[in-house]
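Under our numbering, think of the first position of the sequence shown as 831, with each following residue one higher.
The C-beta atom is built at its ideal place from N, Cα and C for all residues, glycine as well.
Bear in mind that the values here come from a model prediction, so they are computed numbers and not experimental data.
A short worksheet on the structure shown next.
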Amino acid sequence: MTKYFVRSACAATLLMVCVFGAQAAIKPGDAIPVGPQVKVGKLANGLTYYIQNNAKPAKKLELRLVVKAGSILEDEDQQGLAHFTEHMAFNGSTNFKKHELVSYLQSIGVKFGADLNAYTSFDETVYILPIPTDNRDNIDKGFLVLQDWAGGLTMNAADIDKERGIILEELRLGKGANDRMNKVLMPKLYNGSLYARRLPIGQERIIKHFKHEAIRRFYKDWYRPDLMAVVVVGDIDPLDAQRRIERHFGQLKNPARARARTYAAIPTRAHTEALVVTDKEATANALLIRYPVKEAIDKGTFGAYREKLVEALFTGMLGQRMQELAQQADPPFMAGSSSVGKLTPRYNSFNAVASLGKGGATPAIEALVQENARTRQFGFSAQEFERARKNMMRHYELAYNERDKTDSGSYVSEYVRNFLEQESIPGIENEYAYVRELLPAITLDDMNRYAHATIPAASAKLVVYMGSAKDDSPAPTSAQLLAAVAAAEKATVSALEQKTLATELMDKPPAGGSIVAQSEDKALGLTKLTLSNGVKVILKPTDFRNDEVVMSAARFGGQTQFGEADIINARYANAVVGTMGLKDHSPLDLQKVLAGKTATVNVTLGNHVDGITGSTANDDMETMLQLVYLRMTGVRRDEGLYKSFIGKQVEAARNAMAQPESVFRDTLVSTLYQDNPRVGRTARPGDFDKLDLERALAVYRARFFSAKDMTFILVGSFDMAKVKPLLATYLGALPVGDIEISYKDAGVRPVRGVVKKEVRSGSEAKSSVSLNFSGEAPYSDDEAMRFQAMLEVINIRITDILREKLALIYGGGMSGSLSKYPYENYLITAALPTGPANVDKVIAAAMAEIARMKEQGPDLADLNKVKQNWLQNHQKSMRENGYWINRLQTAALQGSDPHEILAYPKKVEAIMPEQLKQAARRYFDMNNYVQLVLYPEK
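Here is the structure:
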C-alpha cells in the first residue's frame, strides 16, 4: 500500500526511545553516538543492518527491509511503478511461487495486511515482516523472504498484468474530493518540485499500459544493497542474526554502472501567492499558510538534538495558545495550530493551519497571524515554559521507566528513521541522561529567541483555502485571502496575560471510606475488595509494563434509560460535560494544572452501558482517582464553552453529507434500521437544535452521580499496599444513591426480508457493495468464537478470489458481531469497494463464497491459518494490561467466568470445519439480507 498523502504541518517528532549512564560534558558539535542496545553494521556491498535482541513481545521477531527508493526516482514511463514493485514482492520470487509466500506466512500466524505489509512513499519503500520464533524454521524462512524481496523478484509478465487490475482498484479507492483538490495543491505546495509529479500511486494511463521492461528496470536500478537496510529486532541472538544477514544478503551486488541516488530539491518560495481550491464533495474547509521551505537535514549532533528539544517545547506552548483560541464562545476556527513541519525528510517550513468554522477564512487568518506575531514579539511566559518543561521531562521519564518493556516495533521504527532520515539512536538510557542535562539549561530567553527567529515576520508565503463553495457560504477569492493576511500582519498585538491556576486538583481529599471485605483469586492473580459504600474493586498487579496502570468500570444503563424525547441529549451528554472541563477548570486549564502528570479519565454513556476508563503512571495514581471522584460528584457549567461546542458540531455537520461515502453509510443505516431514531446516523445541523444544556447535564447526573453496582478494575504496575488506601479514600467516598441498573431493549431491530437498494452519489467512477445479514441467534462465548472464525476464513477467500484471482477489489471483507445484549442477535456486513462495471461480478463472487462455506465448509488449511493467528495474538495479549482489563470487564459486566481467559487456547483448537459450515447455514439466510450498492451520479 502507499503512503499517498500530503505531509501536514506538524511538530518535529520527539525521539521516543533513547540511554543513561555517566556522561562527559555535552559538546554541541559532537556527534551523538549510537547506543549500546543496537548493533549497526555494513556489509562489503554497502547494505546496512541493525540488530537488537528484545524480549517484548516474547517469541517474536520483527524484520524490515528498507529501500531508499520510492516514487521520486521513477522515470517518466515509470510513474507508479515504485509502488507496483512493492506489490510484485508478494507475487512470486526465487524461493516462493505466486501465492506461496502469503499462504505460508498465514500458516504460521502472520496475517496479511494486519501483520505482513509494506508501504511506498516518495523516497522509500519499506517491507514489514513479523515472525514468530517458536520454530526456528520460521526464522530461516523469514530471512529468505527478505532476501527474495531484496534481489529475487521474478517479475513474471502474466503476474504483472494480473496485478494491474488490483493497483487500479487501489487508485480508484483514493479518488474523490481530497484527491482532486490535492492535484491542484501539490504543484504549489512543493513549489514546482518533482515531488508534485511523483505521487506514489502513479498515473492511471501508465499503470494500464507500461511495458514490462519499465518495472524490471526500476527494480534493477534501485533495489541494490547500497540503498538497503535490514532491521532485525526481537527474540534472536545478535550474532546469529548477523550471520544470517551476511549469508542471505552478502551475495547481493550493486550494478556495474549504478545510477546516482539523488534527492529532489524544493525551491524556496520567492513571492506570496494565494490559492483557492474547492470541490462540491469537500466535507470540511481548511486554511494553510505555508512560509518558505528550508533544507533541514538532521546533523546528528548534540547541538541539533538540543534544537529539537527547543522546537518541541515551542510547538507545545504555541499549540496550547491555539487551543485556547478555539475554546472561545465564538472561536475564530474550529481547531488551529502553528508549528515547524516537515514537507519531506529533508525539508521543513513554518506553517499555520486551521479547520474553519462558520466565520470562514478571515477570522482564522487574523487569529493565526496575530497569535504568531504576539509570540514572535513578546515570547512565552515563565508559567507556560515551566509547564512545557514538566511535560517533556515526564515524557522521557516514562520512556526510561519502560526501557526493558518496550515493544520491538518501536525500536524498529526508530532504526528505519535512522537509515532514512539520520535520526539519532542513542538508546533511552543515554537519551534520558541527555535530556536531564540539556533541558534544565534551556532558558526562557532561549525559547523566546527561538520563537523570534522561527516565526517569520514578513516573508513570501503560500496561502491556501481548501473546501466547499456554496451559495450560503461562498469560498473566498485569492485576493481576499491575501488582503486578510496583509491586514492581520499590520494589526497591533499585545502580550498575552496569564491567569494564576491551582497547582493541585483538590484542596484536600474527601473523607473517604474503608475496605470492608477482601478475597483472592490465585488462579488469575486477582484481589477483590468491597468498600464501605458498596463499591467493588478488582485488582490485578502485573509486571507487563513498569509504569502503566489501566482502569475500567462499567454497569448496565446507558442512553436507552431515557425516552425518545431525550435521544439527542443522551447521545451528546458526555461530550457536553467533557467540553466544559472539570471542577473550576476549562479543559485547557485542566491540562495546565496536570502538567507533568500522566493521568486520564474518560466517561462514556453508551447505548446500554455506563462506563468509566482511565490510565495513569504509578506516581500519578492518586491524580487518576481524583479525576474519577470529580467526574462523579460534580459538573462544570460554562455557557461560553457550550456555545463553542454547539457551533463546532453544527459546522462539522454542515458538509458531512457532501461525500458519497457518507451518503452511502447513512443510507445503509437508515435502510437497515428503518429510520429508527435510536440508531445514530450522520449528524445534521438541525440535530443540535434539539440539544439542551440543562437537560444534557441532568442526563449525565442521572447516570454518573451514583457509583451503585460499579466494579472498578485496575490492572498494571501498582503497589498493592499503596493503592488500597487511595481506593478507600476516593472510590470509597463516591455517592451510591439509588439508580436503575439494567439494560433496556428499545426495540431496535433490522429490517426483515430481502431489501436491495441503489445509492447514486459522487462524480468519480467508484462503487461499493454492502451485504448485510442479521437475525436473532443464541449467544455463547464459544459460539461467538466460531462466528468470528467463519468470517475470518471467508475473508481469506475474499482476498484469494476477489482480489488475487479476479482482480475485482483492492481491499474489503466481512465483519460482524454475535451479541448478547439487549437481545441475542447477530449482524454480518460485507463491505466491498469496486468499480461500477464490476458490481455484479463482485456480488456474484461474494455470494459464491458464502454458498461455498454453507455447502463445503472451510478448507482445513484456511481454518488452521486463522487459529494459528489467534493463538499468536493471544500469546502476546496475555502480557498486555489492556487485554486483561477488557476481558475482566466483560466478565464482570456479563456475569461470565473470567477463568475462561486461561482456556482460550483449548477453545481455539476445538473449533472444527463442520462447526463453521453449520454456522454459515445459520447466519447466512438468503431470504433475509440487505444489499446496498453505491454508484456514481448519472
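Selection from the options that minimises the alpha carbon distance to residue i
i	options	result
residue 1769	1708, 1759, 1763 and 897	Given a span of 831 to 1768 for the chain in the structure shown, any question on residue 1769 remains unanswerable.
residue 880	874, 889, 967 and 864	864
residue 1503	1580, 1585, 1122 and 1263	1580
residue 1341	1243, 871 and 1560	1560
residue 1267	1243, 1673, 1294 and 1223	1223
residue 1012	1089, 1381, 1109 and 1235	1109
residue 1456	1037, 922, 1413 and 1642	1413
residue 785	909, 908, 934 and 907	Residue 785 lies beyond the stretch modelled for the chain, which goes from 831 to 1768, so this question has no answer here.
residue 1133	1669, 861, 1639 and 1064	861
residue 1514	1212, 1484 and 1035	1484
residue 1323	1733, 1401, 1207 and 1174	1207
residue 1017	1111, 1713 and 1105	1105
residue 1354	872, 856, 916 and 1733	1733
residue 1654	1329, 1297, 1577 and 1175	1577
residue 1788	1567, 948, 1220 and 1083	Since the first and last residues shown for the chain are 831 and 1768, residue 1788 lies out of range.
residue 1367	1594, 1556, 1506 and 965	1556
residue 1305	1234, 1187, 1400 and 1394	1187
residue 1536	1694, 1385 and 924	1385
One or two residues paired with residue i in a DSSP bridge
i	result
residue 929	DSSP output for residue 929 lists no bridge partner at all.
residue 1059	878 and 896
residue 1644	1660
residue 1368	1358 and 1543
residue 1119	1182 and 1293
residue 960	892
residue 1740	Looking at the DSSP assignment, residue 1740 forms no beta bridge with any residue, so it has no partner.
residue 1763	1588 and 1599
residue 948	957
residue 1106	1295
Endpoints, beta strand (DSSP E) assigned at residue i
i	result
residue 1357	1356 to 1361
residue 1166	1165 to 1174
residue 1349	1345 to 1351
residue 1481	Not the beta strand (DSSP E): residue 1481 falls in the alpha helix (DSSP H), residues 1469 to 1484.
residue 1605	1597 to 1606
residue 1584	1584 to 1590
residue 1384	1379 to 1386
residue 1389	No beta strand (DSSP E) holds residue 1389; DSSP gives it neither H nor E.
residue 1254	First-last for residue 1254: undefined, no H or E at that position.
residue 1440	1439 to 1446
Range covered by the alpha helix (DSSP H) that runs through residue i
i	result
residue 1280	1274 to 1284
residue 1677	1669 to 1686
residue 1197	1191 to 1208
residue 1079	1068 to 1079
residue 1422	1417 to 1423
residue 1310	1308 to 1320
residue 1135	1132 to 1156
residue 981	966 to 981
residue 1018	1007 to 1019
Beta-carbon separation (whole angstroms), residue i vs residue j, contact threshold 8 Å
i	j	result
residue 1172	residue 1178	5 Å
residue 1518	residue 1465	Contact flag wrong, Cβ pair sits at about 19 Å.
residue 1165	residue 1156	5 Å
residue 1754	residue 1684	6 Å
residue 1254	residue 884	Actually they do not touch by this definition, with Cβ atoms about 19 Å apart.
residue 1119	residue 1198	7 Å
residue 1052	residue 891	The pair is not a contact, with the Cβ atoms about 27 Å apart (cut-off 8 Å).
residue 1663	residue 1639	6 Å
residue 1258	residue 1295	About 43 Å; that fails the 8 Å criterion.
Short CB-CB distance (under 7 Å) between residue i and chain D
i	result
residue 1416	The structure shown has no chain D; it contains just one protein chain.
**Item:** the region 1486 to 1496 touching the region 1125 to 1133, judged by at least three CB pairs closer than 8 Å
**Value:** As far as the Cβ criterion goes, the region 1486 to 1496 does not touch the region 1125 to 1133, which means the pair count is below three.
**Asked** Three or more C-beta pairs closer than 8 Å, one from the region 1536 to 1543 and one from the region 1708 to 1724: is that the case here?
**Response** These segments touch.
**Prompt:** Taking contact to mean at least 3 C-beta pairs separated by less than 8 Å, is the region 1100 to 1111 in contact with the region 1289 to 1306?
**Reply:** Yes, they touch.
**Request:** Answer yes if the region 927 to 936 comes into contact with the region 881 to 901, meaning at least three C-beta pairs across the two stretches below 8 Å, and no otherwise.
**Result:** Under the three-pair Cβ rule at 8 Å, the region 881 to 901 does not count as touching the region 927 to 936.
**Request:** Would you be able to state if there are at least three C-beta pairs under 8 Å between the region 1063 to 1074 and the region 963 to 973?
**Result:** Output reads yes: the region 1063 to 1074 touches the region 963 to 973.
**Prompt:** Can at least three beta-carbon pairs, one atom from the region 1023 to 1034 and one from the region 997 to 1004, be found at a separation below 8 Å?
**Reply:** Taking 8 Å as the limit for Cβ pairs, the verdict is that the region 997 to 1004 does touch the region 1023 to 1034.
**Asked** Are there three or more Cβ pairs, one per stretch, closer than 8 Å when the region 1374 to 1386 is compared with the region 1443 to 1451?
**Response** Contact between the region 1374 to 1386 and the region 1443 to 1451 is present: 3 or more CB-CB pairs across the two stretches fall below 8 Å.
**Request:** Spell out a yes or no on whether the region 1419 to 1426 and the region 1215 to 1229 are touching, meaning 3 or more CB-CB pairs, one atom from each, closer than 8 Å.
**Result:** Counting C-beta pairs with one atom in each stretch, the region 1419 to 1426 and the region 1215 to 1229 have three or more that are closer than 8 Å, which means they touch.
**Message:** If contact is defined by three or more beta carbon pairs under 8 Å, each pair taking one atom from either stretch, is the region 1325 to 1334 in contact with the region 1132 to 1148?
**Reply:** Because the criterion of three Cβ pairs below 8 Å is not met, the region 1132 to 1148 and the region 1325 to 1334 do not touch.
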